[in-house]
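Before any comments, here is the structure.
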Amino acid sequence: MRGWWQEITGLVLPVDCAGCGRPRTELCARCRGLLGGAASVRRVRPSPEPPGLPPVWATARYGDEVRAVVLAHKERGALGLARPLGTALAAAVQRVGVSGPVLLVPVPSARRAVARRGHDAIARMTRAAARELRGRGVPARAAPVLRQRRPVADQSGLTAAGRLANLSGALAAAAGSGALLSAAPVVLVDDLMTTGASLTVAARAVTVAGGRVAGAAVVAGPRDPEGRPEGHARRW
Numbered sequence: 007m008r009g010w011w012q013e014i015t016g017l018v019l020p021v022d023c024a025g026c027g028r029p030r031t032e033l034c035a036r037c038r039g040l041l042g043g044a045a046s047v048r049r050v051r052p053s054p055e056p057p058g059l060p061p062v063w064a065t066a067r068y069g070d071e072v073r074a075v076v077l078a079h080k081e082r083g084a085l086g087l088a089r090p091l092g093t094a095l096a097a098a099v100q101r102v103g104v105s106g107p108v109l110l111v112p113v114p115s116a117r118r119a120v121a122r123r124g125h126d127a128i129a130r131m132t133r134a135a136a137r138e139l140r141g142r143g144v145p146a147r148a149a150p151v152l153r154q155r156r157p158v159a160d161q162s163g164l165t166a167a168g169r170l171a172n173l174s175g176a177l178a179a180a181a182g183s184g185a186l187l188s189a190a191p192v193v194l195v196d197d198l199m200t201t202g203a204s205l206t207v208a209a210r211a212v213t214v215a216g217g218r219v220a221g222a223a224v225v226a227g228p229r230d231p232e233g234r235p236e237g238h239a240r241r242w
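Under the numbering used here, the residues of the sequence shown are numbered 7 to 242, in order.
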């Protein structure tokens, strides 16, 4: 119900750009451009890089307007932003280099976080990315098959090693998803990468279930020398 109301409100009421605040547009042309496209996709690595992290590709650097857009979609329910964010993700997925069918597997958020936000932001972006890829002739499918098998602590304030320990063993593939995961290469999807812990644990879960992780795609990656975005911590 909350998601339905948010979508109707976005259609009826004037909105400001989620990135820069320009009036009467949900996302202005400049901020849409900052989300990047095929030409801006780059390989990103955290520092330190956790063992088992698949190759990660991002379309933007996390900060300022990009940060505002990501948070507006995830935390403030600006559901219309899923499409441009999905388009950005699609460009990153294509740089992973998979030929033929591909499964896009979102990194899951905790049920309590999804309930608090009123929507599953990463799953919504993943579906938008899959639609964009199919429009480009790439047989892509969104496969939200990962589940949290135990509660985890808030990641805010944890070191890279602490985040990895906090998430270790926390994700697993849904029962019966092995055949789906083994049918095509998997690209993990998230809105951003910080320490790489979430993507590393997700890759392990897919591999245990019989899938092959070809890489990962995120909207935004690190911009500072330590390999971590500024001003954001993943809250499960």
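Glycine residues also receive a C-beta, built at the ideal position from the N, C-alpha and C atoms.
The structure displayed is predicted, hence computed values, not measured ones.
Straight-line measurement puts the Cα of V50 at about 11 Å from the Cα of P60. Remark: C-beta atoms of A135 and A96 approach each other more closely than 8 Å.
Per DSSP, the beta-bridge partners of Q154 are L177. Distance between V108 and T93, taken at the CA atoms: about 16 Å. For L109, DSSP records a beta bridge to R147, V192. Residue environment analysis places A167 among the exposed positions, since fewer than 16 neighbouring C-beta atoms fall within 10 angstroms of its C-beta. Secondary structure of A222 (DSSP, three-state): strand.
In the structure shown, R82 adopts coil according to DSSP, grouped into three states. Boundaries for T201: no beta strand (DSSP E) harbours it, and the DSSP string shows neither H nor E there. For the 8 Å CB-CB criterion, W63 and V102 form a contact.
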